[in-house]
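**Q** Pasting a structure below so you can have a look.
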């Protein structure tokens with residue numbers, strides 16, 4: 286009887302455990318599936334890229350499966366597979382850069398390797414490995430050192446690696462095999478086949494252009510600045526309210542330099558496509574991005590003031606609210622407002638410091654925005670983006686996009702006398718009504 | 286006679302050209318040699334690294350040159366060469382991370398590949414390539430997609446690549462060769478040999494530790510802040526003088542995040558060495574680095590004010606000079622100075638805005654420095670760096686190093702009553718006398 290009970294208890298206990306385990310497993314699986322879905326949703330091109338890699342690999346594996354192809358390449362077709370796996374990158378620029386580097390480096394290093402083997406044969410059977418060893422050491426060291434040069438590192442790093450690899454292989458195996466010419470030829474041709482498959486799949490199946498990504502990223506960064514500036518009035522000037530606890534969007538701009546550099550680097554390898562010509566001014570993007578980052582630095586400080594408890598007295602705030610909202614480049618109104626506000630004895634200077642500082646940084650930001658606007662305008666000219674847009678509209682759009690949705694207006698001295706316009710004003714009206722839809726912003730950003 | 290003259294003229298002309306060409310060539314060669322020297326001088330470890338790569342490659346080439354070794358491995362020893370070229374990185378952490386990734390991924394993918402080939406054989410001679418093709422497509426796509434997961438990308442990106450590579454090779458060549466088990470074994474063992482050679486050379490011949498580099502970089506960044514702050518008094522407060530035209534050192538900190546992240550990532554792969562234990566708090570470095578960058582953002586704004594023509598009136602400047610130089614954390618003196626300075630009617634508020642803003646940002650910087658000091662202190666505890674230093678001295682050193690050479694002094698409430706010290710003051714004295722030597726600074730930085 287007792288045994289029966291404990292057996293039953295044990296059964297119940299086991300059942301309990303099994304239930305707990307299965308529910309835990311279920312939770313974990315759901316969590317992972319959600320994570321996978323998120324990664325895919327964040328950028329659906331990732332899923333497409335994965336399928337493209339699978340497709341290219343299956344394509345190149347035909348070299349093995351189809352008898353006539355196998356007969357002509359044999360085991361070396363393995364190099365084609367290796368090439369596809371190693372060379373296929375997310376963007377067209379990445380794939381092109383790696384393919385070209387790999388092909389070219391293999392050609393050069395292969396020829397040098399064959400030369401080295403022939404040269405070493407002069408030294409007899411005993412001297413040959415010694416001479417080859419010395420040559421290998423010297424070339425490997427020199428090529429490795431060359432990878433530290435910034436220019437080579439930036440563009441030809443992979444080429445230098447493949448150079449060392451191919452030279453070592455040809456030089457070393459040349460000591461044992463007499464067919465190094467055949468080997469070198471087979472290696473080169475299979476690499477070319479692999480590289481070509483990668484390039485074709487990369488360009489013709491849903492291509493991902495690094496250049497377009499760079500363009501969108503910069504436009505998006507400018508939008509982030511605009512969004513923050515738009516939200517700023519709402520956060521500082523009304524009666525103290527709860528501030529958004531999530532980190533403002535512009536924060537990512539502060540450390541986005543390396544991504545921008547990489548994209549600009551890859552974009553240079555890409556052929557002309559869509560609105561991006563072969564000689565598209567990619568360098569200019571980095572210049573604009575630098576200015577945008579400068580502006581974001583100022584936002585970072587401004588944000589500190591918004592978040593801090595140090596608030597200027599209410600009457601001072603209300604005094605500078607209007608000129609801060611509608612700010613001209615020389616900030617004339619702001620100056621006037623500050624001028625007219627002579628601190629009374631009881632309201633001492635100390636209390637208005639945060640407000641004054643903030644206003645002062647805002648003036649700096651306007652300077653910054655003006656610079657960005659200038660750079661974007663210069664860029665539009667270089668990129669021949671003007672053609673599709675009325676030049677005046679384009680100039681306005683450039684600033685629209687900076688502080689978007691009617692936030693910036695060029696104020697000309699006189700009326701439309703553009704020639705006399707030696708020191709243009711830029712009016713920035715930060716308002717909350719009619720927040721533009723995301724689509725609208727994207728169009729504005731992409732049109733630059 | 287005439288012909289003679291023209292022939293002479295031609296000779297002279299040719300001589301001239303040859304001279305020009307040779308001098309141009311000489312200039313170019315000298316320029317390149319100087320460039321090479323500079324790259325080497327900037328970091329002599331680059332030269333050593335290049336020699337190490339050459340050495341490891343020559344070592345692995347012995348597999349080919351020495352007959353008994355060649356007999357046991359044959360042509361597959363090529364994989365050992367390939368492994369050395371691809372896996373040998375500048376830092377120990379890089380080499381270890383790549384070797385371990387490569388070895389482990391080869392083992393897993395090799396086993397899976399052998400399994401896939403055996404599974405596919407059930408489907409007959411015609412079905413085999415189709416089943417293998419489908420498996421290849423699915424696994425390659427899945428593995429490629431996994432590389433988009435931030436955690437995998439950060440640590441196992443290379444492993445995922447090698448997984449795809451090995452699986453494709455084993456699965457595809459398994460269709461043609463019956464000796465895939467032998468092939469898989471040889472590939473794995475040669476990769477292990479290559480990887481082991483890399484790891485041994487990397488650790489035992491002049492090792493470059495990513496962790497040490499990270500430590501030095503952060504310490505150096507803190508020094509850069511200190512240097513700027515030290516030079517600041519000299520630049521803003523004396524009578525207007527020529528400002529250093531070269532970019533201040535701290536500028537590099539603004540965009541050094543990606544380098545720091547990479548180093549911290551590699552440092553995690555490294556075994557304990559010197560003062561860095563196995564569980565060294567590498568994460569803490571990134572935290573400190575973030576605070577240092579926050580501080581550098583503020584410097585960027587401050588620098589804008591120093592460079593701008595907007596200077597506050599002289600009497601105001603002289604009023605805040607002393608409290609700006611000797612600044613306490615609550616900036617009491619600065620507050621008092623600002624309080625006592627009531628703008629007269631003719632000197633309006635507008636004129637002192639730049640000065641007020643600057644002082645205000647300086648107060649922010651002091652807050653920032655205090656945070657860095659706290660983070661460094663916390664870190665020292667976690668890293669067990671205290672042992673070698675007197676705790677009090679260490680606390681002082683932490684701040685010494687921040688604003689170095691007697692610039693910071695902890696002011697205790699009462700005298701040495703550390704228990705009552707609920708809100709410590711930090712006095713920052715920016716002075717120009719006795720600039721510390723570079724060695725001194727380095728010691729301070731490295732000791733943290």
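Residue numbers (our numbering), protein chains in the order written: chain G, 286 to 733; chain L, 286 to 733.
Ideal placement from N, C-alpha and C gives every residue a C-beta, glycine not left out.
Remember, predicted model here, so these are calculated numbers, not experimental data.
Does residue 376/L get closer than 7 Å to chain G when you measure Cβ to Cβ?
**A** Working through the second chain from its first residue, we reach residue 376/L at position 91. Not one chain G Cβ lies under 7 Å of residue 376/L.
**Q** What's the C-alpha gap between residue 582/G and residue 649/G?
**A** Along the first chain, one-based indexing puts residue 582/G at 297. Along the first chain, one-based indexing puts residue 649/G at 364. Approximately 11 Å between the Cα atoms of the pair.
**Q** For residue 437/L, decide whether its Cβ has a neighbour in chain G, counting only Cβ atoms nearer than 7 Å.
**A** By 1-based counting over the second chain, the position of residue 437/L is 152. Chain G, which has no Cβ nearer than 7 Å to the Cβ of residue 437/L, makes this no.
**Q** What residues are listed by DSSP as bridge partners for residue 561/G?
**A** Within the first chain, numbered from 1, the residue matching residue 561/G stands at position 276. DSSP, once it has assigned bridges, lists 558/G as partnering residue 561/G.
**Q** Which complete alpha helix (DSSP H) runs does the stretch 433-520 of chain L hold, if anything under 4 residues is left out?
**A** The qualifying runs are 435-459 and 465-489.
**Q** Since I believe residue 499/G is in contact with residue 549/G (beta carbons under 8 Å), could you give me their beta-carbon distance rounded to a whole number of angstroms?
**A** Stepping through the first chain from its first residue, residue 549/G is reached at position 264. Stepping through the first chain from its first residue, residue 499/G is reached at position 214. So it is a contact: roughly 6 Å between Cβ atoms.
**Q** 7 Å is my cut-off, CB to CB: does residue 339/G come that close to chain L?
**A** The residue you call residue 339/G lines up with position 54 of the first chain. By this cut-off, residue 339/G is an interface position.
**Q** Are residue 364/G and residue 476/G touching if we call contact CB-CB under 7 Å?
**A** Sequence index remark: in the first chain, residue 364/G carries index 79 (1-based). Sequence index remark: in the first chain, residue 476/G carries index 191 (1-based). Against a cut-off of 7 Å, the Cβ pair of residue 476/G and residue 364/G comes out as a contact.
**Q** Residue 553/G: which of 565/G, 668/G, 457/G and 362/G sits nearest, CA to CA?
**A** Taking the first residue of the first chain as 1, we reach residue 553/G at position 268. Checked all of 565/G, 668/G, 457/G and 362/G; the closest Cα to residue 553/G is 565/G.
**Q** In the DSSP assignment, find the unbroken alpha helix (DSSP H) run with residue 546/G in it and report its ends.
**A** The residue you call residue 546/G lines up with position 261 of the first chain. 542-552 is the span of the alpha helix (DSSP H), which, as asked, contains residue 546/G.
**Q** Quick one: grab the DSSP three-state call for residue 374/G.
**A** Along the first chain, one-based indexing puts residue 374/G at 89. Correct three-state label for residue 374/G: coil.
**Q** From residue 585/L to residue 434/G, what does the alpha carbon distance come to, in whole angstroms?
**A** Here residue 585/L corresponds to residue number 300 of the second chain, with the count starting at 1. Here residue 434/G corresponds to residue number 149 of the first chain, with the count starting at 1. Using only the alpha carbons, I get a separation of about 29 Å.
**Q** What residue does the alpha helix (DSSP H) around residue 422/G start on, and which one ends it?
**A** Along the first chain, read from residue 1 onward, the residue named residue 422/G stands at position 137. Run containing residue 422/G: 409-431, per the alpha helix (DSSP H) assignment.
**Q** Mind checking the stretch 564-584 of chain G against chain L and listing, in chain order, the residues whose C-beta falls within less than 7 Å of any C-beta there?
**A** From the stretch 564-584 of chain G, only 582 and 583 have a Cβ closer than 7 Å to chain L.
**Q** Between the Cα of residue 398/G and the Cα atoms of 540/G, 411/G, 419/G and 533/G, which residue gives the shortest distance?
**A** Within the first chain, numbered from 1, the residue matching residue 398/G stands at position 113. Among 540/G, 411/G, 419/G and 533/G, the Cα nearest to that of residue 398/G is on 419/G.
**Q** Going along chain L in order, which residues have a C-beta closer than 9 Å to the C-beta of residue 381/G?
**A** Mapped onto the first chain, residue 381/G falls at position 96. By Cβ distance, chain L contributes nothing, its closest Cβ being about 18 Å from residue 381/G, past 9 Å.
**Q** Start and end of the alpha helix (DSSP H) containing residue 351/L?
**A** As a first step, residue 351/L is located in the second chain; it is residue number 66 there, counting from the start. Unbroken run through residue 351/L: none, as it is neither H nor E.
**Q** Buried or exposed: where does residue 305/G fall if 16 or more other Cβ atoms within 10 Å of its Cβ makes it buried?
**A** Translated into the one-based positions of the first chain, residue 305/G becomes position 20. It counts as exposed.
**Q** Flag residue 394/G as yes if its beta-carbon sits less than 7 Å from any beta-carbon of chain L, otherwise no.
**A** If you number the first chain from 1, residue 394/G lands on position 109. Not an interface residue.
**Q** With DSSP run on the structure shown, which of helix, strand or coil describes residue 405/G?
**A** One-based indexing of the first chain puts residue 405/G at position 120. Of the three classes helix, strand and coil, the one that applies to residue 405/G here is helix, per DSSP.
**Q** DSSP state of residue 669/L, grouped into three classes?
**A** Mapped onto the second chain, residue 669/L falls at position 384. Coil.
**Q** Could you check which residue in 561/G, 509/G, 512/G and 577/G has the C-alpha nearest to that of residue 542/G?
**A** The residue labelled residue 542/G in the question sits at position 257 within the first chain. Checking every option, the nearest Cα to that of residue 542/G belongs to 577/G.
**Q** Taking all protein chains shown into account, do 16 or more other C-beta atoms lie within 10 angstroms of the C-beta of residue 698/L, making it buried, or fewer, making it exposed?
**A** As a working note, residue 698/L is residue 413 in the second chain. In this prediction, residue 698/L scores a pLDDT of 33, lower than 50, which makes its location untrustworthy; no coordinate-derived value is stated.
**Q** For residue 303/L, which of helix, strand or coil comes out of DSSP?
**A** Along the second chain, one-based indexing puts residue 303/L at 18. The answer is helix: DSSP assigns residue 303/L an H, G or I state.
**Q** At a CB distance below 7 Å, what residues from the stretch 440-464 of chain G approach chain L? Give them in sequence order.
**A** Result list: 446, 449, 450, 453, 454, 457, 458, 460 and 461.
**Q** Should residue 485/L go down as buried or exposed, given a rule of 16 or more other Cβ atoms within 10 Å for buried?
**A** Translated into the one-based positions of the second chain, residue 485/L becomes position 200. With fewer than 16 Cβ atoms within 10 Å of its Cβ, residue 485/L is classed as exposed.
**Q** Taking the alpha carbon of residue 402/G as the reference point, which residue from 461/G, 663/G, 318/G and 473/G has its own alpha carbon closest?
**A** By 1-based counting over the first chain, the position of residue 402/G is 117. Comparing Cα-Cα distances from residue 402/G to each of 461/G, 663/G, 318/G and 473/G, the minimum goes to 461/G.
**Q** Quick one: any contact between the stretch 331-345 of chain L and the stretch 428-446 of chain L, if contact means 3 or more CB pairs under 8 Å?
**A** Not touching, per the Cβ criterion.
**Q** Count the other C-beta atoms from every protein chain shown that fall within 10 angstroms of the C-beta of residue 342/G, then say buried if there are 16 or more, exposed otherwise.
**A** Along the first chain, read from residue 1 onward, the residue named residue 342/G stands at position 57. It counts as buried.
**Q** Can you list the residues of chain L that residue 542/G reaches, using a CB-CB cut of under 7 Å?
**A** Numbered from its first residue, the first chain carries residue 542/G at position 257. Within chain L, the residues near residue 542/G are 540.
**Q** Would DSSP call residue 365/G helix, strand or coil?
**A** Residue mapping note: residue 365/G aligns to position 80 of the first chain, counting from 1. Here residue 365/G sits in helix by DSSP.
**Q** Between residue 391/G and residue 473/G, is the Cβ-Cβ spacing less than 7 Å?
**A** For the purposes of this step, residue 391/G is taken as the residue at position 106 of the first chain. For the purposes of this step, residue 473/G is taken as the residue at position 188 of the first chain. Yes, the pair counts as a contact, with Cβ atoms nearer than the cut-off.
**Q** By alpha-carbon positions, which one of 467/L, 567/L and 326/L ends up nearest to residue 547/L?
**A** Position 262 of the second chain, counted from the start, is the residue given in the question as residue 547/L. Nearest option by C-alpha distance: 567/L.
**Q** What residue from 372/G, 409/G, 458/G and 303/G has the CA that sits closest to residue 349/L's CA?
**A** By one-based count along the second chain, residue 349/L stands at place 64. For the residues 372/G, 409/G, 458/G and 303/G, the minimum Cα distance to residue 349/L belongs to 458/G.
**Q** Would residue 363/G count as contacting chain L if we go by Cβ distances under 7 Å?
**A** Stepping through the first chain from its first residue, residue 363/G is reached at position 78. Chain L contact via Cβ: present.
**Q** Whose C-beta lies closer than 6 Å to the C-beta of residue 337/G among residues of the same chain, with five residues either side of it excluded?
**A** Against the first chain, residue 337/G aligns to sequence position 52. These residues qualify, in order along the chain: 486 and 490.
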